[in-house]
Amino acid sequence: MRILVTGGAGFIGSHLIDRLMADGHEVICVDNFYTGHKRNILKWFNHPYFELIRHDITEPIRLEADQIYHLACPASPVHYQYNPVKTIKTNVLGTMNMLGLAKRVKARILLASTSEVYGDPEVHPQTEDYRGNVNPIGIRSCYDEGKRVAETLAFDYHRQNGVDIRVARIFNTYGTRMLENDGRVVSNFIVQSLRGIPLTVYGDGSQTRSFCYVSDLVEGLIRLMNGEHIGPINLGNPDEYTILELAQKIQHMVNPEAEIIFKPLPEDDPKQRQPNITLAKTWLSWQPTVPLAEGLKLTVQDFRDRVTSN
Ligand code: NAD
Ligand code: UDP
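Following the numbering used here, the numbering of the sequence shown begins with 1 at its first residue and continues without gaps.
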């Protein structure tokens, strides 16, 4: 198949492309390199089945594809809050352009949505029928409301125009190739402990997250794309940790000498998050296989190579 991956030079997108190329597909990667990097996809540059297009998806583009994985959007709060207007344009105009493309060429399109659509959830763990507790005017809104509109667009194009959609609600995912300045918690703690500087826990560290290793997530995305169910469907690892526990784990693993310090909690920071993955288990026969300790080991190794070589 010819498969378009938007945001393919990013963290999850580049791992997805590795899988699609290994499976023998033709891949078109569209990216504007806002948070993505050529080095993530460098190994495919001379491959006859790989094509890279530098393009901003807020502008329309004419391409042909059988399937579209629509991942383009900065995912770390630091990056999506840097230019919030751009973030919401990417989610709304960008998703509209990709759904329009899917409609024109009759491609199946998978939207990479997020657990952030649940906001600061009052239901725990989160199931797909929970409608969320989201601040429409806060500093996270460009991203979480943006993704909620993206989901609305996907379902309206589906109902009105028969576009063949899949919607994944991705929970916190980590792994190799995250940027050193990504700003999300796993990469921050690893980079800080490797550099021997204090690990910055925001708030008192009692807020929780559940961390999925990237290879598990990619497997879930591929199963969703090629299965019969349109979603929305939660994809994430249900093992839940407080942020302080995570800091201590990484501290012990990388640098027991590194200090842990506390910084103010960002506005609207969700207090708890854990996916209920019953639907993914039943519909996709999918569940994560990489435990946190193993995934962290792989991620630490990847950062160690980069951070020490700098
Ligand atoms: P990332 O920032 O590494 O990748 C995003 C990619 O999209 C980058 O390569 C970036 O350059 C590109 N991009 C951004 N805006 C663009 C635009 N306007 N036009 C073209 N390309 C653009 O993030 P990631 O962690 O790989 O996330 C990928 C997708 O998965 C995002 O849609 C994100 O919302 C979703 N997601 C990720 C997580 C996670 O924990 N990583 C959780 C939930 C949802
Ligand atoms: N966090 C932290 N220290 C950091 C970065 C993040 O304590 O250096 C916290 C953040 O406040 C949040 C959790 O870790 O409670 C996860 O943050 P991240 O930005 O990784 O993802 P998200 O909030 O989008 O789930």
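The beta carbon of each residue, even a glycine, is placed where N, CA and C say it ideally should be. Since the model is a prediction, treat every value here as computed from it, not as a measurement.
Asked: Proximity to ILE68 [Cα-Cα], best of TYR80, MET178, ILE17 and PHE211; Found: ILE17
Asked: Cβ-Cβ separation, VAL254 to SER215 (assumed contact under 8 Å), whole Å; Found: That pair is no contact at about 21 Å.
Asked: Distance, ARG2 Cα to GLY162 Cα; Found: 21 Å
Asked: Contact between the region 216-235 and the region 243-257 (3+ Cβ pairs under 8 Å); Found: no
Asked: 7 Å Cβ cutoff met for ILE139 and GLU267; Found: yes
Asked: Cβ neighbour criterion (16 or more within 10 Å) applied to GLY24; Found: exposed
Asked: Sufficient close CB pairs (3 or more, under 8 Å) joining the region 221-240 to the region 165-177; Found: yes
Asked: At least three beta-carbon pairs within less than 8 Å, the region 196-205 to the region 37-46; Found: no
Asked: Every unbroken beta strand (DSSP E) inside the region 54-103 [3 residues or more]; Found: 67-70
Asked: Per-residue DSSP class, three states only, for ALA293; Found: helix
Asked: Reduced DSSP secondary structure (H/G/I, E/B, other) of GLU116; Found: helix
Asked: Beta-carbon gap between GLN207 and PRO238 smaller than 7 Å; Found: no
Asked: Within 7 Å, strictly: CB atoms of THR64 and VAL92; Found: Before going further, note that residue 64 is Glu rather than Thr in the sequence given. Cβ atoms of GLU64 and VAL92: not closer than 7 Å.
Asked: Backbone CA spacing between TRP286 and HIS124 [nearest angstrom]; Found: 21 Å
Asked: Buried or exposed (CB count within 10 angstroms, at least 16 for buried), ILE170; Found: buried
Asked: Three-state secondary structure (DSSP) of SER210; Found: strand
Asked: 8 Å CB neighbourhood of LEU284 in its chain, flanking five on each side removed; Found: GLY220, ARG223, LEU224, GLY227, HIS229 and ILE233
Asked: Heavy atom of the ligand NAD within 6 Å of ILE12 beta-carbon; Found: yes
Asked: Buried or exposed by the 16-neighbour rule on C-beta atoms within 10 Å, applied to PHE45; Found: exposed
Asked: Distance cut-off 6 Å: CYS73 Cβ against heavy atoms of the ligand NAD; Found: yes
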